[in-house]
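Reading through the structure tokens given below for one structure.
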Amino acid sequence: MEKITENLIESLQNELSEASAQEIVAFAATHLEFPVFATSLGEEDQVITDIIAKGGLNIPVFTLDTGRLFPETYELIATTESTYGLKIKTTFPDANEVERMVAEEGINLFRKSIESRKRCCGVRKMQPLRRMLGQSSGWICGLRRDQSPTRTGMHAIEWDAANNLPKFNPLIDWSLDDVRAYIQQNGVPCNPLHAQGFVSIGCACCTRAIQPGEDIRAGRWWWEAPEQKECGLHVADGKIVRTKDLNQ
Numbered sequence: 004m005e006k007i008t009e010n011l012i013e014s015l016q017n018e019l020s021e022a023s024a025q026e027i028v029a030f031a032a033t034h035l036e037f038p039v040f041a042t043s044l045g046e047e048d049q050v051i052t053d054i055i056a057k058g059g060l061n062i063p064v065f066t067l068d069t070g071r072l073f074p075e076t077y078e079l080i081a082t083t084e085s086t087y088g089l090k091i092k093t094t095f096p097d098a099n100e101v102e103r104m105v106a107e108e109g110i111n112l113f114r115k116s117i118e119s120r121k122r123c124c125g126v127r128k129m130q131p132l133r134r135m136l137g138q139s140s141g142w143i144c145g146l147r148r149d150q151s152p153t154r155t156g157m158h159a160i161e162w163d164a165a166n167n168l169p170k171f172n173p174l175i176d177w178s179l180d181d182v183r184a185y186i187q188q189n190g191v192p193c194n195p196l197h198a199q200g201f202v203s204i205g206c207a208c209c210t211r212a213i214q215p216g217e218d219i220r221a222g223r224w225w226w227e228a229p230e231q232k233e234c235g236l237h238v239a240d241g242k243i244v245r246t247k248d249l250n251q
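Residue numbers (the numbering used here): 4 to 251.
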């Protein structure tokens, strides 16, 4: 098995440009020695879980429990495990880091400034993610181009410079309608909050329902400008992708 390196990414982007989501996930399963799938239990990630389970693919599934998720998200973890007969590994932030952060900046520090919000995301999401990715040779996630202005330039495979790994985005070309059609046709379990106007679901304290006509990411960190709405999980060239970078 040839190791996927940064030098191969461009040629693989061309190779996978016309591949289906199932083909991209299967490619990751066969070309990575230790692949992992990071799920947030959102609609896109539930589609990928369905693809992994129905394909019988040896791809461990894990999720990040920040400690501030919606009750419905926890219920969905249990329902998903029962539906597919798989185990979703749950990883948590370091308790000492959380305690120190809250002691220094307060329980709701994310409302104080972008820097404080990113600190919260770093402790609750980035650090646990890096621990998990440190044990893998590449990862899969549910990004789509039309989710955010920070994601329009992404491909089916990217080089994750922050973690020095390849990252697969099997749904990168899908629309939200594509995602929901797949869910309906395949009976994929989903978070009931989606039916209440929640499109992108993260921590309960940082997510709200959106109104008709709003951008699908408008409910995440709604007090920030759209080009700032990334937690740091997804980067290109070692930094969070911004709209201005994509237009250069």
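C-beta: ideal position from N, C-alpha, C; glycine also.
>> If I measure Cβ to Cβ from Ser264 and keep anything under 6 Å in the same chain, skipping five residues before and after, which residues do I get?
In response: Residue 264 cannot be examined here, being either before or after the span of the chain that is shown, 4 to 251.
>> Taking only three categories from DSSP, how would you classify Ile55?
In response: helix
> Are at least three pairs of beta-carbons, each pair with one atom in the segment 87-103 and one in the segment 53-71, less than 8 Å apart?
Replying inline: With contact defined as three or more Cβ pairs closer than 8 Å, the segment 87-103 and the segment 53-71 are in contact.
> Should Gln2 be labelled buried (16 or more other beta-carbon atoms within 10 Å of its own) or exposed?
Replying inline: Since the first residue shown for the chain is 4 and the last is 251, residue 2 is missing from the structure and cannot be characterised.
>> Considering only their Cβ atoms, is the gap separating Pro63 from Val39 smaller than 7 Å?
In response: In this structure, the beta-carbon distance from Val39 to Pro63 falls below 7 Å.
>> Looking at Ile213: is its Cβ nearer than 7 Å to the Cβ of Gly205?
In response: no
> Given a threshold of 16 other Cβ atoms within 10 Å of its Cβ, counted over all protein chains shown, does Trp224 qualify as buried or as exposed?
Replying inline: buried
>> Taking a contact to mean a Cβ-Cβ separation below 7 Å, would you say Asn189 touches Asp53 in this structure?
In response: Yes, the Cβ-Cβ distance between Asn189 and Asp53 is below 7 Å.
>> Distance check for Glu217 and Leu136, CA to CA, integer angstroms please.
In response: Between Leu136 and Glu217, the alpha-carbon positions lie close to 33 Å from each other.
> Hey, is Trp225 close to the ligand ADP, as in C-beta under 6 Å from one of its heavy atoms?
Replying inline: Absent from the structure shown: the ligand ADP. Ligands present: none.
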